[in-house]
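Comments concern the structure below.
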Amino acid sequence: MPGARPAAGRRAIEVLLETELPGAEGRRLVLVDAVWAGGDEERDFTVRVDGAARRVHVTDQDSPLGITEAWHRHTADTGPGGDSVLVVTGKVPADQLGWDLRGHAVRRRPLAVDRADIVKQLFGAGDLDTRMVREHWLLDALLEAEPPGGWPRVGAVLTRDRALRVLLAARVGLGDTGADSLDLDADTLFDWSRTPAGPRQFAELPGAERDGLAEWLAQVTGPAAPTLLALAADGRGADALPLGALTAAALGCPAAADAGFALGTLFGSALGSFDALAPYAAAATGVLTRWIAQAEAGGTAGTDACARVLAVLERADQLAESARLTGLLAGDRLLPSGYRTRLRALGAALDGRPAAAQAALRALGDHQLAGLYADSTERARTAVRLLRWLDTPAPVLDSVGQGARHHLGSTGWVDLAIGVLAEGDASRDSVLGEAYHRLIGRVRARREFLDEQFASVLATWAEAASQQAPGGALLIEDVLAEAAAPLARDGGRPLVLVLDGMSADVAVELAAGLDPRAWTEIVPVPSGSGGRSPGRLAAVAMLPTITRVSRASLLSGTAAEGGQEVERAGFTAFWKKRRREAVLFHKGGYEGTAGHRLAPALLEELAHEERIVGVVVNTIDDALADGRESGRARWGIGDIAKLADLLDAARGTGRPVLLVSDHGHVLDRTSRDAGPTVAEGVQGARWRTGAAGPGEVGLTGPRVRAAGGRITAAWRDDLRYTSRQAGYHGGASLAEVTVPVLAFVPSDSRIPAGWTVLPAEDTVPEWWTAGAEPAPPRAPEPAARGRSKKAAPQAESLFPQDGHGSPGEQAVRSAPYRAQRDFVRLPPSDTAVAAALDALLTAGGKLSPAAVAAAAQAATGKSQRNPERFVTVLERLLNIDGYPVLQLTESGRTVHLDKELLRQQFTGGSTS
4 MPGARPAAGR
14 RAIEVLLETE
24 LPGAEGRRLV
34 LVDAVWAGGD
44 EERDFTVRVD
54 GAARRVHVTD
64 QDSPLGITEA
74 WHRHTADTGP
84 GGDSVLVVTG
94 KVPADQLGWD
104 LRGHAVRRRP
114 LAVDRADIVK
124 QLFGAGDLDT
134 RMVREHWLLD
144 ALLEAEPPGG
154 WPRVGAVLTR
164 DRALRVLLAA
174 RVGLGDTGAD
184 SLDLDADTLF
194 DWSRTPAGPR
204 QFAELPGAER
214 DGLAEWLAQV
224 TGPAAPTLLA
234 LAADGRGADA
244 LPLGALTAAA
254 LGCPAAADAG
264 FALGTLFGSA
274 LGSFDALAPY
284 AAAATGVLTR
294 WIAQAEAGGT
304 AGTDACARVL
314 AVLERADQLA
324 ESARLTGLLA
334 GDRLLPSGYR
344 TRLRALGAAL
354 DGRPAAAQAA
364 LRALGDHQLA
374 GLYADSTERA
384 RTAVRLLRWL
394 DTPAPVLDSV
404 GQGARHHLGS
414 TGWVDLAIGV
424 LAEGDASRDS
434 VLGEAYHRLI
444 GRVRARREFL
454 DEQFASVLAT
464 WAEAASQQAP
474 GGALLIEDVL
484 AEAAAPLARD
494 GGRPLVLVLD
504 GMSADVAVEL
514 AAGLDPRAWT
524 EIVPVPSGSG
534 GRSPGRLAAV
544 AMLPTITRVS
554 RASLLSGTAA
564 EGGQEVERAG
574 FTAFWKKRRR
584 EAVLFHKGGY
594 EGTAGHRLAP
604 ALLEELAHEE
614 RIVGVVVNTI
624 DDALADGRES
634 GRARWGIGDI
644 AKLADLLDAA
654 RGTGRPVLLV
664 SDHGHVLDRT
674 SRDAGPTVAE
684 GVQGARWRTG
694 AAGPGEVGLT
704 GPRVRAAGGR
714 ITAAWRDDLR
724 YTSRQAGYHG
734 GASLAEVTVP
744 VLAFVPSDSR
754 IPAGWTVLPA
764 EDTVPEWWTA
774 GAEPAPPRAP
784 EPAARGRSKK
794 AAPQAESLFP
804 QDGHGSPGEQ
814 AVRSAPYRAQ
824 RDFVRLPPSD
834 TAVAAALDAL
844 LTAGGKLSPA
854 AVAAAAQAAT
864 GKSQRNPERF
874 VTVLERLLNI
884 DGYPVLQLTE
894 SGRTVHLDKE
904 LLRQQFTGGS
914 TS
């Protein structure tokens, strides 16, 4: 029957000729029992036969006479000795062809075109999946879509799945034709939908092929495939994933029925039925959730995933707006508009008490994009921290020393938070911006009150304060004696790093940015029985708080004034009195020339076995005058020239580091049109001579090293007497007078005698962490060396108590622990292990290594010189048979205790 004749395109003819011509004995006529399916432009081509190229012409004829005439024309045109081939297709039955014509034809009869056989040949297969034989659309597509290098060789049987996978790769770019397998799932399909060419290529396929591929993809990837591919066929493949995210939001909103009608309009004819919406939404949100997790993991792949997620969801919001769905979806947990709605709600709560703001912050953190909008989320968290600070009782600053320590431990963090908030939110939402602006105003008003209180105390103290009578304060000229010299005992070689102009807010952020795997912060063990816990040292600058008097006094170990020559001479003389050699590097002396990270002279001194080294870094102070290109007021390790290199070099040579400033600074947060305060006797940006006015304080006494010992200094941070800069110093505010003094040792070093580890948990004020997560307890004060001390009372335990001591004590007395202890070399005492376990349990199972070591030290009075090693030994003691009772997580930053495993392994309790 003519209607049943197969169709043959160019590729089918080529394969037929390559098979038949080698044994054709020179015959040049090929009769094909099929109709021509190619275009007119494909009728002339060449094939290679026995290594030679043969020209081919295809003609389609509907009568025996037409075939005869076509053959005679061909022989006339090419001559009897030619080798070109004439291929005749058409609907003429074989029994109507004369034997004289058949005599010239290959095999003397019309040749059948069997698609299945041709496909087998193209894949080098011995057989085909039987299901493929009946699927003409698939066989035709495989013939038409063969890539330039041919189909991959498959061996014995070409399966239908393999054929469809390579067809998808060749036709629409979904996968790779050369791959042995293709992991097809919803992620792959939705990712493909975002490619520029794939959906367009799918839309251009013949209808039967589109339908066949869609049916198979639905079986393989799930019920979302038909809708996705219908969108692709409709030219809207790029919106497939955004529509899925929008569908999930709409189906989950309170007015889902109303939203469903809007969705039907957005999907149009691509939506087969409303029943298809739920599985489509589930597949899309599953893909986005996995991408979000990848984005939160960080790295290059995380950055790419973040960009993908945000692009998809921003488009979903645009589609929602076009369908007037934005209002209905305001509470959604996935769309960016839902995040912004929660962010605005938090901003509105900042005008009240902390409870409402903390609830709004929890709702913001519950949004799935909270981690991707990390800066905005952290800025919101910082705003709530400031609100909590405003809700705490106002401190009373009754001495200069106490004021400086309080500033480093609390109000310096306030200044840091103000800097974070002052940068504004990336969303550029004016309503949120105004909420932050109002909060900053309230915080600055309270800070102003504290600065005024401190200035009054400072004026009284400065009249008589001296090295002989410091009045409970650590003077800047005593920093070397009180902090650097103790680090130099027993052959220690501290690197004294002076960051000119580093204020408390900068210092605490820099310390938080140090990798705990590389550096451990230490503080002096408090002397006497005053009950003060170990904490960071805060010194008091010279007055006025300018480099010429404060830095010279710091580096000379006595009240001094001058430039670099005075500082070098004073630094050398200070250490010479202690029978140590020392060298001081200034700007221009420690930076390396081309090809060097640091100056070879500095590296040589750092490698010296005895010499004390000092380096003065001016990056922060210079930025006060010139500003920073980034416009940021905050500082990280990488923002300060050569700081990372200096720290690495110190660590490489085993040196402890004393990080200190000479004075702090205040930033200019006034409006751009605000000018300087007009006053008499101006000497600097923040100090002058003459009578004190509002926002100023008169200072006199031996600590005033300028203008004959009597100056007027600004304590209000918006006062300046000179032209506008990014920031200023010289005044009498807490931020300018307080000098942070921080000490660090390489984490693989022993803690020097007289010093103790300062856990990161103990550096943060309570209001900074309260309300977000349960704050870990502060490490108890260490017992005096050589004296016993009773363990502190334990909080209510997570374990049943039977009168046999704390959970930690029960664990170390258990038989499994006693047996394991025998296999561990030089284990810590039972008291130390019990105290560490109890501290972890009280803190909810997570503490830093330093905090764990501090808890053990507090219980035993014995310093744990290497916190990481102590934790490693705990792991050996507790992780019996490989069960992870205790682990170092987050790249060594956190010790995690699994309380249920501890219970099962050592106390015999159930996990219920």
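Here my numbering is used: the first residue of the sequence shown is 4, the next is one more, and so on.
All C-beta atoms in this analysis are idealised placements derived from N, C-alpha and C, irrespective of residue type, glycine included.
The model shown is predicted, which means the values in this text are computed figures rather than measured ones.
From what residue to what residue does the alpha helix (DSSP H) around residue i run?
{"i": "residue 323", "result": "302-325"}
{"i": "residue 228", "result": "228-236"}
{"i": "residue 246", "result": "243-255"}
{"i": "residue 527", "result": "Note, residue 527: premise wrong, no alpha helix (DSSP H); beta strand (DSSP E) at 522-527."}
{"i": "residue 747", "result": "No alpha helix (DSSP H) holds residue 747; the beta strand (DSSP E) holding it covers 741-749."}
{"i": "residue 643", "result": "Counting along the chain, residue 643 falls outside any alpha helix (DSSP H), and DSSP gives it neither H nor E."}
{"i": "residue 457", "result": "433-465"}
{"i": "residue 542", "result": "Careful: residue 542 lies outside any alpha helix (DSSP H), inside the beta strand (DSSP E) at 540-543."}
{"i": "residue 484", "result": "No alpha helix (DSSP H) contains residue 484, which DSSP labels as neither H nor E."}
{"i": "residue 372", "result": "Residue 372 -> no alpha helix (DSSP H), and no H or E assigned at all."}
{"i": "residue 424", "result": "415-425"}
{"i": "residue 220", "result": "210-224"}
With burial defined as no fewer than 16 other Cβ atoms inside 10 Å of the residue's Cβ, what is the status of residue i: buried or exposed?
{"i": "residue 829", "result": "exposed"}
{"i": "residue 796", "result": "Residue confidence is low: residue 796 scores 36 on pLDDT, short of 50, so the model does not pin down where it sits. Its coordinate-derived value is still stated next. Result: exposed."}
{"i": "residue 597", "result": "exposed"}
{"i": "residue 264", "result": "exposed"}
{"i": "residue 11", "result": "buried"}
{"i": "residue 277", "result": "exposed"}
{"i": "residue 779", "result": "In this prediction, residue 779 has a pLDDT of 38, which is less than 50 and means its spatial position is unreliable; nothing more can be read from the coordinates."}
{"i": "residue 324", "result": "exposed"}
{"i": "residue 99", "result": "exposed"}
By Cβ distance, which residues of its chain are closer than 8 Å to residue i, with the 5 residues on each side in sequence left out?
{"i": "residue 153", "result": "125"}
{"i": "residue 606", "result": "652"}
{"i": "residue 486", "result": "527, 540, 661, 663, 744 and 746"}
{"i": "residue 52", "result": "20, 21, 24 and 25"}
{"i": "residue 64", "result": "70, 73, 91, 92, 93 and 95"}
Please return the same chain residues whose Cβ sits closer than 6 Å to the Cβ of residue i, not counting the five positions on each side in sequence.
{"i": "residue 554", "result": "665"}
{"i": "residue 849", "result": "897 and 899"}
{"i": "residue 122", "result": "142 and 145"}
{"i": "residue 169", "result": "180"}
Taking 7 Å as the limit between beta carbons, can you name the residues of its chain near residue i, skipping five residues before and five after?
{"i": "residue 341", "result": "332, 333, 334, 335 and 370"}
{"i": "residue 312", "result": "291, 294, 295, 298 and 375"}
{"i": "residue 13", "result": "41, 45 and 48"}
{"i": "residue 208", "result": "174"}
Could you give the C-beta distance for residue i and residue j, rounded to a whole number, given that I count them as a contact under 8 Å?
{"i": "residue 407", "j": "residue 543", "result": "5 Å"}
{"i": "residue 585", "j": "residue 574", "result": "6 Å"}
{"i": "residue 357", "j": "residue 387", "result": "7 Å"}
{"i": "residue 295", "j": "residue 375", "result": "7 Å"}
{"i": "residue 127", "j": "residue 157", "result": "7 Å"}
{"i": "residue 704", "j": "residue 547", "result": "Contact doesn't hold; Cβ gap of about 13 Å is too wide."}
{"i": "residue 130", "j": "residue 108", "result": "Going by Cβ atoms, the distance from residue 130 to residue 108 rounds to 29 Å, so no, they are not a contact pair."}
{"i": "residue 322", "j": "residue 242", "result": "7 Å"}
Who are residue i's beta bridge partners in DSSP?
{"i": "residue 10", "result": "38"}
{"i": "residue 588", "result": "618"}
{"i": "residue 731", "result": "669"}
{"i": "residue 48", "result": "59"}
{"i": "residue 880", "result": "None; residue 880 has no bridge partner."}
{"i": "residue 89", "result": "32 and 60"}
{"i": "residue 690", "result": "716"}
{"i": "residue 190", "result": "DSSP lists no partner for residue 190."}
Could you spell out the range, first to last residue, of the beta strand (DSSP E) harbouring residue i?
{"i": "residue 890", "result": "889-892"}
{"i": "residue 60", "result": "55-64"}
{"i": "residue 1", "result": "Because the chain spans 4 through 915 in this model, residue 1 falls outside it and cannot be assessed."}
{"i": "residue 899", "result": "897-900"}
{"i": "residue 759", "result": "758-760"}
{"i": "residue 498", "result": "498-502"}
{"i": "residue 95", "result": "It is not in any beta strand (DSSP E) - residue 95 carries neither H nor E in the DSSP assignment."}
Is residue i close to chain B? Criterion is C-beta to C-beta, closer than 9 Å.
{"i": "residue 705", "result": "Of the protein chains in the structure, only one exists, and it is not chain B."}
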